[in-house]
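All remarks here apply to the structure that follows.
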Amino acid sequence: MIVKIIGGICVIAATSGLGFWMAGQWKAHLLAVEQLRRMIFMLKGEIIYANAPLEEAFYHVGRKNDGALGRFFVAVARRIEMQQGEAFYAMWKEEIDKLGNDSGLTGKDRQELAGFGEHLGYLDCDMQERTILLYLEQLDIAIDYLREHQREKSHLYTSLGIMAGLFLVIVLC
């Protein structure tokens, strides 16, 4: 009997932990998209107002930000510096593919980021600014959605975790 009780507590704790982890993932995703927005805004400043070349702009922005996204920007800057006849988009896409799950970005976010890089670097300053503004608009929409649904998703995930644990305990006992 005591083994069943301990097992039930373990099941409830595990499923509750999973629910809290999933709620934490939603929050981490929101923070990652917000950080990406700040970095793209800084990139815009470097390119448009400081008139810095892409390599320098990516390096400065990457150095000012830590985490996976900061390392991503620095890696892109280094790839541009070592450019061996590769197109910018090929380097950009390759570095996006290297971004791990620790970046907090989903597959859709990475796909949109890849689309952003497709139009960067080939255009004049005015077109680059428009491309950056368009991507910033996309990020704003994503951030609004994540913020709007954060509370309900967090509550849903934690409640489902606890309820799933209780359900499993009832079914197993």
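To convert, count from 1 in the sequence shown and add 1371; that's the numbering used here. Built from N, CA and C at the ideal position, the CB exists for glycine as well.
Specify the secondary structure class of residue i as computed by DSSP and reduced to three states.
i, result
"leucine 1389", "helix"
"alanine 1513", "helix"
"methionine 1372", "coil"
"alanine 1421", "coil"
"cysteine 1544", "coil"
What does the Cβ neighbour count give for residue i, buried or exposed, with the cut at 16 atoms within 10 Å?
i, result
"glutamine 1482", "exposed"
"serine 1530", "exposed"
"glutamine 1499", "buried"
"histidine 1520", "exposed"
"methionine 1410", "buried"
"histidine 1400", "buried"
"glutamine 1406", "buried"
"glycine 1378", "exposed"
"arginine 1450", "buried"
"glycine 1536", "buried"
"glutamate 1457", "exposed"
Figure out for me which residue from the options has the closest Cα to the Cα of residue i.
i, options, result
"histidine 1490", "Phe1391, Thr1477 and Leu1504", "Leu1504"
"phenylalanine 1412", "Arg1449, Tyr1516 and Gln1509", "Gln1509"
"serine 1470", "Glu1426, Ser1387 and Leu1440", "It is leucine, not serine, that sits at residue 1470 in the sequence shown. The candidate whose alpha carbon is nearest that of leucine 1470 is Leu1440."
"glycine 1532", "Gly1456, Glu1523 and Ser1387", "Ser1387"
"leucine 1414", "Gly1478, Arg1501 and Gln1455", "Arg1501"
"glutamate 1523", "Gly1390, Leu1537, Gln1454 and Phe1538", "Gly1390"
"leucine 1517", "Leu1425, Ala1423, Lys1398 and Met1462", "Lys1398"
Could you give the C-beta distance for residue i and residue j, rounded to a whole number, given that I count them as a contact under 8 angstroms?
i, j, result
"phenylalanine 1429", "phenylalanine 1444", "5 angstroms"
"tryptophan 1463", "alanine 1485", "7 angstroms"
"serine 1525", "alanine 1421", "Actually they are not in contact, since the Cβ atoms of serine 1525 and alanine 1421 sit about 39 angstroms apart, beyond 8 angstroms."
"valine 1432", "alanine 1513", "So it is not a contact: roughly 19 angstroms between Cβ atoms."
At a cut-off of 8 angstroms, would you count residue i as near the ligand FMN, judging by its Cβ distance to the nearest heavy atom?
i, result
"phenylalanine 1412", "Annotation note on the ligand FMN: not contained in the displayed structure, which lists no ligands."
(Q) Which runs of the alpha helix (DSSP H) at least 4 residues long sit entirely within the stretch 1429–1509? Give them in chain order. (A) Listed in chain order, the complete alpha helix (DSSP H) runs (minimum 4 residues) inside the stretch 1429–1509 are 1438–1452, 1459–1469 and 1478–1489.
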